[in-house]
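Chemist:
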Ligand code: SF4
Ligand code: SF3
């Protein structure tokens, strides 16, 4: 076995990738990512053992976020950039040593040294996921670590907008350090898992506040999915500050900007509507980029996951990465010390490319984050009370390329017309173009935004609880039928569990990193289940359909 990774829904055979990732990650990258996580845990071990004040750790905090983010599925395939990040973290880690009163108590993660790449790979193999031999401990450690990766990604976006929360940093150090501790019991690890969910809620709230205070509250918006005749740049991922800078720099250049996949919800923010050249959304969820980038014709900027390894050299030359993302052979754009990025190379590239080829036309509607939904609250509650809306189906999360995800399209299509879908994340592309109509003026697919905007869906549930006067969030007419793929969905799931949501259905398969016993804990305490056939699930959620 040359690597082991089971962090995403596509883990080979539902067990784990051992030779090369289904995502395209090779063994070298996978091992280096394992070592980067181990080094981050070493930093946490020092911070915790020396009682360091996180408020004084500035750059260390930021690089821990960055390190966790870099290892998210489909974010960074560039072994050199991961090696550089390992060296950066080890330097910061060693710099903290002067604060350690008694270095002999530290874990190996806090003290190991590596000289060259081979050393790194050797070390990674010794400390990777399978080095924890008890499968339940391993399962909980990884569940917590993956939750932290999602948390770090969201915290990083908030940081780019100038927002930080020291409680989140403290928790990340506490939890990373705990995954090194062989003395913790299963019960202690389970409670740490739930605590991870608490900070999941906090980080999504932080990011929501950062987004809405800078860009305004998302509002109901029609987004064009066709094309104009100008050369253009496609921007993908989740980082709105990158989009803002790109829109600023492309203004007046004759180059249009289109969103792809998780960047679609940017159109819902008032602040971006002023840009005439912000032309629309091109294409669908991340995994369709293989064909959609070919027909887009112009350059593509990745601000975060999900990258599909570009096989075609012509397309690789059109792909630019920034932030935590990276791909060998693609140009990476770094921020300066003030967070400014120079996108002139992308703009120049766009000018030399033909305009996008149209693959769709018309519009789609979104923008139903908490502020917009609260504005419609009277209408929504009236529809629930009169029975014209029977149930809400939270179908948030990720999309992916597995054939089994056709379930979500079929499910949305088969859902009787008096039911409404609440969505967020790239899962929406499975049903946001089906023309499912509306119930009394309320669209049947209410898109809150990116996966982090699942926070809005939780706020919507809490608001309904308040207005309908029910005691328990689980008494609401809301069904959770969530699709997951990568680690941001893990933190969203843990956040929902922390908020007390029960009976979540998670598909298309349960995570490979859940051991049978850990899966049982989730089933027994939270009623977590997976999906069945569309017919069986509709009957389960709604009773027999006539
Ligand atoms: Fe496999 Fe997913 Fe890990 Fe990629 S991220 S190596 S597909 S488990
Ligand atoms: Fe999608 Fe990668 Fe998860 Fe933010 S873009 S949801 S999969």
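In the numbering used here, the protein residues as written are 1 to 546.
Quick reminder that beta carbons are idealized off the backbone N, C-alpha and C, glycines included.
#1: On the CB-based measure, 16 or more other CB atoms within 10 Å of its CB, does residue 404 come out buried or exposed?
#2: Classify residue 466: buried if its beta carbon has 16 or more other beta carbons within 10 angstroms, exposed otherwise.
#3: State the DSSP-derived secondary structure class of residue 272, mapped to helix, strand or coil.
#4: Any contact of the stretch 320-338 with the stretch 190-210, i.e. 3+ C-beta pairs under 8 Å?
#5: Rank 310, 487, 270 by C-alpha distance to the C-alpha of residue 366 and give the top, closest one.
#6: Rounded to the nearest angstrom, how far is the Cβ of residue 213 from that of residue 300, given a contact under 8 Å?
#7: Just mark residue 15 as buried or exposed, buried being the case when its beta carbon has 16 or more other beta carbons within 10 Å.
#8: Compute the Euclidean distance between the alpha carbons of residue 218 and residue 57, then round it to the nearest angstrom.
#9: Which ranges would you report for the beta strand (DSSP E) in the stretch 468-541 if only whole runs of at least 3 residues count?
#10: Does the beta-carbon distance from residue 453 to residue 428 come in below 7 Å?
#11: Please report the distance separating the alpha-carbon of residue 51 from that of residue 180.
#12: Tell me the DSSP secondary structure of residue 281 in three-state form.
#13: Is there at least one non-hydrogen atom of ligand 1 closer than 6 Å to the beta-carbon of residue 10?
#14: Starting from residue 26, follow its DSSP beta bridges and name the residues at the other end.
#15: Could you tell me how far apart the beta carbons of residue 211 and residue 240 are, in whole angstroms, since I believe they sit closer than 8 Å?
#16: Can you pull the DSSP bridge partners for residue 438?
#17: Sort 302, 249, 266, 356 by Cα distance to residue 295 and report the nearest one.
#18: State the Cα-Cα distance for the pair residue 207 and residue 66, rounded to the nearest angstrom.
#19: Alpha carbon to alpha carbon, how far is residue 61 from residue 116? Give it in angstroms, no decimals.
#20: Let me check understanding here. Comparing Cα to Cα, which of 375, 156, 513 lies closest to residue 464?
#21: Within 10 Å of its beta-carbon, does residue 280 have 16 or more other beta-carbons around it, so buried, or fewer, so exposed?
#22: Would you check if the distance between the CB atom of residue 502 and the CB atom of residue 526 is smaller than 7 Å?
#23: Run through DSSP, which three-state label would residue 107 get?
#24: For a test of the three-state rule: what should DSSP assign to residue 327, helix, strand or coil?
#25: Given residue 145, which residues of its chain have a CB within under 7 Å of its CB, disregarding the five upstream and five downstream residues?
#26: With a CB to CB cut of under 6 Å and the five nearest residues on each side skipped, what residues in its chain are close to residue 189?
#27: Can you tell me whether residue 183 is buried or exposed, with buried defined as 16 or more other CB within 10 angstroms of its CB?
#28: Excluding the 5 residues flanking residue 587 on each side, which residues of the same chain have their C-beta closer than 8 Å to its C-beta?
#29: For residue 538 and residue 411, what's the separation of their Cα atoms in angstroms?
#30: Give the range of the alpha helix (DSSP H) segment to which residue 124 is assigned.
#31: Between the stretch 412-421 and the stretch 434-442, are three or more C-beta pairs nearer than 8 Å?
#32: Which class does residue 100 belong to by DSSP, given the choice of helix, strand or coil?
Modeler: Reading off the structure:
#1: The residue in question, residue 404, is exposed, as its Cβ has fewer than 16 Cβ neighbours within 10 Å.
#2: Counting Cβ neighbours within 10 Å, residue 466 comes out exposed, since fewer than 16 surround it.
#3: It is helical.
#4: Contact between the stretch 320-338 and the stretch 190-210 is absent, because fewer than three Cβ pairs lie under 8 Å.
#5: The option with the nearest alpha carbon to residue 366 is 270.
#6: Contact between residue 213 and residue 300 is ruled out by a C-beta separation of about 29 Å, above the 8 Å threshold.
#7: So residue 15 ends up on the exposed side.
#8: Each residue's Cα considered, the two are about 34 Å apart.
#9: Segments of the beta strand (DSSP E) lying fully in the stretch 468-541: 478-483, 505-507.
#10: No, these two residues do not count as a Cβ contact at 7 Å.
#11: A straight line joining the alpha-carbon of residue 51 with that of residue 180 spans about 17 Å.
#12: Residue 281 falls in the strand class under three-state DSSP.
#13: Result yes, Cβ under 6 Å from ligand 1.
#14: DSSP lists 20 as partners of residue 26.
#15: Cβ atoms of residue 211 and residue 240 come within 8 Å of each other, at about 6 Å.
#16: DSSP output for residue 438 lists 443 as bridge partner(s).
#17: Here the closest residue by C-alpha is 356.
#18: Residue 207 and residue 66: Cα-Cα distance of roughly 16 Å.
#19: Between residue 116 and residue 61, the C-alpha separation is close to 25 Å.
#20: Of the candidates 375, 156, 513, 375 places its Cα closest to the Cα of residue 464.
#21: Buried, since its Cβ has 16 or more Cβ neighbours within 10 Å.
#22: In this structure, residue 526 lies closer than 7 Å to residue 502 by Cβ.
#23: Residue 107 falls in the coil class under three-state DSSP.
#24: Of the three classes helix, strand and coil, the one that applies to residue 327 here is coil, per DSSP.
#25: 37, 179.
#26: Excluding sequence neighbours, residue 189 sits near 140.
#27: Residue 183 counts as exposed, since fewer than 16 other beta carbons sit within 10 angstroms of its beta carbon.
#28: Because the chain is modelled from 1 through 546, residue 587 falls outside the range shown and cannot be assessed.
#29: Cα to Cα, the separation comes out at about 8 Å.
#30: That run of the alpha helix (DSSP H) goes 117-127.
#31: Touching, yes.
#32: Coil, per DSSP.
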